[in-house]
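Undergrad:
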Amino acid sequence: MGLDERIVTLFKRNAHHTLTYWSVFFSFGLCIAFLGPTILDLQCQTNSTLGQITWVFFSQQFCLLIGSSIGGVFKKTFFSALAALFVSTLTISVIFAIIPLCNNVLVLAIAMAVSGFAMGIIDTIANIQLVTIYQRDSAVFLQALHFFIGLGALVSPLIADPFLSETGCGNHTGNGTEILHHFRNMLRNSPIAEHDINQTYLPYEGGKEESNVHSAFWIMAVINLPVPIAVLFLMYREQLIPCFPNGTPRLLDKDELAMEDQQGAGASEVELKEHEAGGHGNIFSCCQNDNLRGLPVSFFMIHILGGLVLFMTDGIVGTYAGFVYTYGVAQPISLPNKTAGYLASIFWAAITAGRLLSIPLSYRFQPVRLLMFNLAGAIVTVLLLLIFYTSSTFLFVGTCLCGLFLSSIFPCMLAYTEDILDYQGCATPVLVTCAGMGEMVMQVLVGSIIPTLGSYSFLLCGMIIACLGFILFIGLLLFHRMHRNYLTGTTKKLAMVEEPATEQNGSAVTEQRNEAESS
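Position in the sequence shown (first residue = 1) + 478 = our numbering.
(1) Less than 8 Å between the beta carbons of residue 789 and residue 925, yes or no?
(2) Is the beta carbon of residue 954 sitting closer than 8 Å to the one on residue 787?
(3) Going by C-alpha to C-alpha distance, which of 541, 834, 888 and 539 sits closest to residue 785?
(4) Roughly how many angstroms separate the alpha carbons of residue 913 and residue 542, rounded to a whole number?
(5) Report the rounded CA-to-CA distance for residue 506 versus residue 847, giving the unit in angstroms.
(6) Round the Cβ separation of residue 884 and residue 909 to the nearest angstrom and send it over; I've been treating them as touching at under 8 Å.
(7) Taking 8 Å as the threshold (C-beta atoms), are residue 943 and residue 936 in contact?
(8) Does DSSP put residue 555 in a helix, a strand or coil?
(9) Could you spell out the range, first to last residue, of the alpha helix (DSSP H) harbouring residue 716?
(10) Taking its Cβ as the centre, do 16 or more other Cβ atoms sit within 10 Å of residue 844, making it buried, or is it exposed?
(11) Mind checking whether residue 798 and residue 880 have CB atoms under 8 Å apart?
(12) Please state whether DSSP places residue 516 in a helix, a strand or coil.
(13) Taking only the alpha-carbon atoms, compute the straight-line gap between residue 631 and residue 964 and give it to the nearest angstrom.
(14) Taking the straight line between their C-alpha atoms, what separation do you get for residue 783 and residue 539?
(15) Using the Cβ count rule (16 or more neighbours within 10 Å means buried), how would you classify residue 835?
(16) Give me the Cβ distance between residue 514 and residue 635, rounded to the nearest whole Å; I'm assuming they're in contact under 8 Å.
(17) Going by the CB atoms, is the gap between residue 570 and residue 702 shorter than 8 Å?
(18) Assign residue 829 to one of two classes, buried (16 or more other C-beta atoms within 10 Å of its C-beta) or exposed (fewer than that).
(19) For residue 582, which residues in the same chain have their Cβ closer than 7 Å to its Cβ, ignoring the five residues on either side in sequence?
(20) Tell me the residue span of the alpha helix (DSSP H) that contains residue 867.
(21) State the DSSP-derived secondary structure class of residue 580, mapped to helix, strand or coil.
(22) Does the beta-carbon of residue 958 have 16 or more other beta-carbons within 10 angstroms, so that it is buried, or is it exposed?
(23) Can you find the residues in the same chain that come closer than 8 Å, C-beta to C-beta, to residue 872, ignoring five residues on each side of it along the sequence?
(24) Compute the Euclidean distance between the alpha carbons of residue 517 and residue 779, then round it to the nearest angstrom.
(25) Quick one: grab the DSSP three-state call for residue 809.
(26) When you compare the CB positions of residue 709 and residue 560, do they come within less than 8 Å of one another, or not?
(27) Find the nearest neighbour of residue 575 within the set 809, 842, 868 and 691, judged by alpha-carbon distance.
(28) Let's test the definition: count the other Cβ atoms within 10 Å of the Cβ of residue 715 and tell me whether it reaches 16, buried, or not, exposed.
(29) Around the Cβ of residue 917, are there at least 16 other Cβ atoms within 10 angstroms (buried) or fewer (exposed)?
(30) Using a Cβ-Cβ cutoff of less than 8 Å, which residues in the same chain neighbour residue 941 once the five nearest sequence positions on both sides are dropped?
(31) Does the separation of the CB atoms of residue 603 and residue 563 fall below 8 Å?
(32) When you compare each of 854, 870, 894 and 962 to residue 945 by their alpha carbons, which one comes out closest?
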């Protein structure tokens, strides 16, 4: 039986489980992308500044990291894993429903923190469950799993777009005229001066336009409801509902049933432990590993520089998705709010397409070459956006190109660093943690800069971050060469030590033979 036929057979056997986990990640994507296009309407709703509303991004990303770290607690039994997925997906629907009722930015931040925690649990459990089912054949199904993130992230802005207000809070005048005059004089003769630091970045006062964006959140809550229902139905089919008398089978038992045509239960358990140690280990326990003692500086610098590159690039992803709508409606682009709402959808669609495109490319090119191409492409794209900053057409083109170039940097960096370290280091937990921190920190940083320096600073920050990421990548290449030289030298030393030992053993055997012959 061919490999493709075997994978199809595995999928048919586990179709219900697989489709359920894919739908769960659709819920994840739906929740991660709606903030960008609705940020100005939420600013009006909470009567806050843009700098204050960006802390909502921070709260979601911070609790997503916490949820991802804690999610492994629920993986011990199949019942606890599915129960955690059910509660998390249902929580996302509830959060969507109550967002229109959050008239204070602190309350909104708390709501988004809860949703971020639920998303983190979903991220950890869904990945582990699929790997547990398919083991060595999980790559294809994991690619599809992450495709559904992009699909949900694409759908979310499209749902919100028809309900966005036409003007937001930006056309109303408040009491910030003196501040505006000061900044415009300070930034005179700068490209930033051409961008009005308008009242979009100030608290809204009086005469608020009626917004219908609350309808979009209720629609997303209803669209997401089939996901927890699907998880509950899977629990019912597996007789895991507490009212049934059957006990809760261990997660490993499900693995044995699914992998009966592959290796035995013992090998499956070993592979599961190896996966947990590699991809879902705790970063703190990894850093306490005794095997790290005595390793060269290059070993640690590869971890650090690889993490910092993803800190920058994933920071660009989060920042661009979060603020491209804000940039589009500001001067000099001045797109209608509904038209600018498509920018986030285009960005996530490009990321989704890029992830699919990177699958065949990864077979033909080494990860380091793809990384070099993608990082250079991202820098050139942002540079062109800076040059053609008055062109609304190129904003859409550049958004698409940014998504394509940024889409595969994370998996390529993960494959590259793990290959350098021969899968012996802590690259996976370090890179995942740094990427999440980059999204969290950069969104808050750029969100606090835009109200001060104007919309042009959005692209300027992106250019600076991209260039820093490329410089760090060059440093990573240099330490890769140092580490390769270290490994080569270590191998030669071991060979020199083993060679005399082999000669001594050989001579001892010869002497024994001679003694035996003489006797």
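All C-beta atoms, glycine included, are put in the ideal place defined by N, C-alpha and C.
TA: In brief:
(1) Here the question's residue 789 lines up with position 311 in the sequence shown. Here the question's residue 925 lines up with position 447 in the sequence shown. No; because the gap between Cβ atoms is not below 8 Å, this pair is not in contact.
(2) Along the sequence shown, one-based indexing puts residue 954 at 476. Along the sequence shown, one-based indexing puts residue 787 at 309. Cβ distance < 8 Å, so residue 954 and residue 787 count as in contact.
(3) Translated into positions along the sequence shown, residue 785 becomes position 307. Of 541, 834, 888 and 539, the residue nearest in Cα terms is 888.
(4) The count along the sequence shown starts at 1 and reaches residue 913 at position 435. The count along the sequence shown starts at 1 and reaches residue 542 at position 64. Computed Cα separation, rounded: 12 Å.
(5) As a first step, residue 506 is located in the sequence shown; it is residue number 28 there, counting from the start. As a first step, residue 847 is located in the sequence shown; it is residue number 369 there, counting from the start. In a straight line, the C-alpha of residue 506 is about 31 Å away from that of residue 847.
(6) Here residue 884 is taken as the residue at index 406 of the sequence shown, counted from 1. Here residue 909 is taken as the residue at index 431 of the sequence shown, counted from 1. About 15 Å; that fails the 8 Å criterion.
(7) Against the sequence shown, residue 936 aligns to sequence position 458. Against the sequence shown, residue 943 aligns to sequence position 465. For residue 936 and residue 943, no; Cβs fall outside 8 Å.
(8) The residue given as residue 555 occupies position 77 in the sequence shown. Residue state, collapsed to three classes: strand.
(9) Stepping through the sequence shown from its first residue, residue 716 is reached at position 238. Looking at the DSSP string, residue 716 is not in any alpha helix (DSSP H), and its letter there is neither H nor E.
(10) Indexing the sequence shown from 1 puts residue 844 at position 366. The residue in question, residue 844, is exposed, as its Cβ has fewer than 16 Cβ neighbours within 10 Å.
(11) Locating residue 798 in the sequence shown gives position 320, counting from the first residue. Locating residue 880 in the sequence shown gives position 402, counting from the first residue. Yes, the Cβ-Cβ distance between residue 798 and residue 880 is below 8 Å.
(12) As a position in the sequence shown, residue 516 is number 38, starting the count at 1. Three-state DSSP puts residue 516 in a helix.
(13) For the purposes of this step, residue 631 is identified with residue 153 of the sequence shown, where counting begins at 1. For the purposes of this step, residue 964 is identified with residue 486 of the sequence shown, where counting begins at 1. Between residue 631 and residue 964, the C-alpha separation is close to 44 Å.
(14) By 1-based counting over the sequence shown, the position of residue 783 is 305. By 1-based counting over the sequence shown, the position of residue 539 is 61. Computed Cα separation, rounded: 22 Å.
(15) The residue you call residue 835 lines up with position 357 of the sequence shown. By the 10 Å Cβ count, residue 835 comes out exposed.
(16) By one-based count along the sequence shown, residue 514 stands at place 36. By one-based count along the sequence shown, residue 635 stands at place 157. Between residue 635 and residue 514 the Cβ distance is about 7 Å, and since that is below 8 Å, they are a contact.
(17) As a working note, residue 702 is residue 224 in the sequence shown. As a working note, residue 570 is residue 92 in the sequence shown. Their beta carbons are under 8 Å apart, which means residue 702 touches residue 570 by this criterion.
(18) The sequence position of residue 829 within the sequence shown is 351, counting from 1. So residue 829 ends up on the buried side.
(19) Indexing the sequence shown from 1 puts residue 582 at position 104. Contacts found: 524.
(20) In the sequence shown, counting from the first residue as 1, residue 867 sits at position 389. Run containing residue 867: none; DSSP gives neither H nor E here.
(21) Here residue 580 is taken as the residue at index 102 of the sequence shown, counted from 1. It is coil, neither helix nor strand.
(22) Against the sequence shown, residue 958 aligns to sequence position 480. So residue 958 counts as buried.
(23) Within the sequence shown, numbered from 1, the residue matching residue 872 stands at position 394. Closer than 8 Å at Cβ, skipping near neighbours: 862, 863 and 866.
(24) Position 39 of the sequence shown, counted from the start, is the residue given in the question as residue 517. Position 301 of the sequence shown, counted from the start, is the residue given in the question as residue 779. Cα-Cα distance, rounded: 38 Å.
(25) As a working note, residue 809 is residue 331 in the sequence shown. Reduced to three states, the DSSP call for residue 809 is coil.
(26) As a first step, residue 709 must be located in the sequence shown, where it is residue number 231. As a first step, residue 560 must be located in the sequence shown, where it is residue number 82. Taking 8 Å as the Cβ cut-off, residue 709 and residue 560 qualify as a contacting pair.
(27) Against the sequence shown, residue 575 aligns to sequence position 97. Taking only the C-alpha atoms, the option nearest residue 575 is 691.
(28) Counted from its first residue, the sequence shown places residue 715 at position 237. With fewer than 16 Cβ atoms within 10 Å of its Cβ, residue 715 is classed as exposed.
(29) Counted from its first residue, the sequence shown places residue 917 at position 439. Looking at its Cβ environment, which holds 16 or more other Cβ atoms inside 10 Å, residue 917 is buried.
(30) In the sequence shown, residue 941 corresponds to position 463, counting from 1. 857, 860, 861 and 864, listed in sequence order.
(31) In the sequence shown, the residue the question calls residue 603 occupies position 125. In the sequence shown, the residue the question calls residue 563 occupies position 85. Yes, the pair counts as a contact, with Cβ atoms nearer than the cut-off.
(32) Mapped onto the sequence shown, residue 945 falls at position 467. The option with the nearest alpha carbon to residue 945 is 854.
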